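First to last, the sequence lines map onto chains A and B. Using my numbering, the first residue of the first sequence is number 6, and each one after it goes up by one. Using my numbering, the first residue of the second sequence is number 236, and each one after it goes up by one. Just so you know, even glycine gets a beta-carbon here, dropped at the ideal spot from N, CA and C. What you are looking at is a predicted structure, and each value in this text was computed from that prediction instead of being measured. Presented below is the structure to which this report refers.
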Amino acid sequence: MKFEEIYKQFSKLVYNLALQYVQNTEDAEEITQDVFVSVHQSLQSFQQNSEIQTWIYRIAINKSLDFIKAKNRKKRFAFITSLFHDDGNELKNLGHNFNHPGILLEQKEALESLFQHVNALPYNQKTALILSKLEQKSQKEVAEIMKLSIKAVESLLQRAKTNLAKKINSSEGK
Amino acid sequence: MKDFLKPLESIKQVEASPFLFIRIQQRIQKELSNRVPMRTAYSMATLFVILLSINAFVLMQNNKTKMEETNIAESFQLMPDNNLYK
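Structure, rendered in structure tokens:
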């Protein structure tokens, strides 16, 4: 399969998955670029053991998580430097800018608050939740993408839901 | 499914920017031009190993010669230096 064909077939999938992770168009585009550069580099070494879609999903998940980790590191560093230099601009620029084009305006507020809680989940719980609830993947598919057993995925989803419910209840002051 | 996850179902799939592919191609080209060819990398590594081995060999030879010199001086009961007031 040629690179251009792969891009045409999977760019929407990658971009939307990245959007679910970062909820920001600029960041999602950057992740999509990282994913396809990586796909281009390792296309020759790709073995047909797994489906190409599963392979691309794995790359997209890894790149999204790497991006989030790098951004968090930058935020921490900017926070520490802001303690010594009175320049809050860098810290402001690194703040989370919620800009998800797939969300309707009337839903924006509710979903922004929900995503705040989703973003606070551990990475594996967040991934399981995104794949299952946003990408509408079956537990078997999620298990294959995450290289886990179906039981492990089930447990991750259960824990994600419990954690989310706790976070939402505590933020609502129940 | 819990109710609080229901709003997630309303999220629509969107298209990426039409210029994204061009940007990706530019990045690939840039990375390709920056990349050192494997052949060059291997030859540099081999050269480095050869230089390291030559260095080690020379150092070992040097130590051996020094030891031989000390042994000769000891066997002829020669003074190892010119300090007469020791």
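Return the residue from the list the options that minimises the CA-CA distance to residue i.
{"i": "residue 46 of chain A", "options": "B/270, B/280, B/274 and B/277", "result": "B/270"}
{"i": "residue 2 of chain A", "options": "A/154, A/117 and A/114", "result": "Examination of residue 2 of chain A is not possible in this model, given that chain A is present from 6 through 179 alone."}
{"i": "residue 137 of chain A", "options": "A/121, A/161 and A/118", "result": "A/161"}
{"i": "residue 36 of chain A", "options": "A/18, A/119 and A/7", "result": "A/18"}
{"i": "residue 255 of chain B", "options": "A/20, A/73 and A/7", "result": "A/20"}
{"i": "residue 142 of chain A", "options": "A/172, A/59, A/76 and A/173", "result": "A/59"}
{"i": "residue 122 of chain A", "options": "A/169, A/83 and A/53", "result": "A/169"}
{"i": "residue 266 of chain B", "options": "A/43, A/165, A/83 and A/31", "result": "A/43"}
{"i": "residue 51 of chain A", "options": "A/85, A/173, A/149 and A/6", "result": "A/6"}
{"i": "residue 22 of chain A", "options": "A/87, A/166 and A/61", "result": "A/61"}
{"i": "residue 180 of chain A", "options": "A/107, A/174, A/9 and A/88", "result": "The structure shown does not extend to residue 180 of chain A, since chain A spans only 6 to 179, so no value can be given for it."}
{"i": "residue 177 of chain A", "options": "A/166, A/118, A/86 and A/149", "result": "A/118"}
{"i": "residue 57 of chain A", "options": "A/88, A/24, A/149 and A/82", "result": "A/149"}
From the DSSP output, read off the bridge partner residues of residue i.
{"i": "residue 29 of chain A", "result": "A/104"}
Let's test the definition: count the other Cβ atoms within 10 Å of the Cβ of residue i and tell me whether it reaches 16, buried, or not, exposed.
{"i": "residue 279 of chain B", "result": "exposed"}
{"i": "residue 139 of chain A", "result": "buried"}
{"i": "residue 305 of chain B", "result": "exposed"}
{"i": "residue 34 of chain A", "result": "buried"}
{"i": "residue 171 of chain A", "result": "exposed"}
{"i": "residue 151 of chain A", "result": "buried"}
{"i": "residue 2 of chain A", "result": "What is shown of chain A runs 6 to 179, which leaves residue 2 of chain A out entirely."}
{"i": "residue 16 of chain A", "result": "buried"}
{"i": "residue 147 of chain A", "result": "buried"}
{"i": "residue 71 of chain A", "result": "exposed"}
{"i": "residue 135 of chain A", "result": "buried"}
{"i": "residue 165 of chain A", "result": "buried"}
{"i": "residue 287 of chain B", "result": "exposed"}
Assuming residue i contacts residue j under a Cβ cut-off of 8 angstroms, what Cβ separation, rounded to an integer in Å, is found between them?
{"i": "residue 120 of chain A", "j": "residue 14 of chain A", "result": "Contact flag wrong, Cβ pair sits at about 27 angstroms."}
{"i": "residue 41 of chain A", "j": "residue 259 of chain B", "result": "5 angstroms"}
{"i": "residue 116 of chain A", "j": "residue 242 of chain B", "result": "5 angstroms"}
{"i": "residue 38 of chain A", "j": "residue 262 of chain B", "result": "6 angstroms"}
{"i": "residue 73 of chain A", "j": "residue 26 of chain A", "result": "7 angstroms"}
{"i": "residue 239 of chain B", "j": "residue 173 of chain A", "result": "6 angstroms"}
I want to see whether chain D comes within less than 7 angstroms of residue i, judged by CB atoms only; does it?
{"i": "residue 251 of chain B", "result": "Looking for chain D here will not work: the only protein chains present are A and B."}
- Please confirm if the segment 54-68 of chain A is in contact with the segment 101-120 of chain A, defined as three or more CB-CB distances below 8 angstroms between the two stretches. no
- If we count Cβ pairs, one from each stretch, closer than 8 angstroms, do we get three or more for the segment 251-270 of chain B versus the segment 110-128 of chain A? no
- Query: Counting pairs of beta carbons, one from the segment 159-178 of chain A and one from the segment 105-115 of chain A, are three or more of them closer than 8 angstroms?
  - Reply: no
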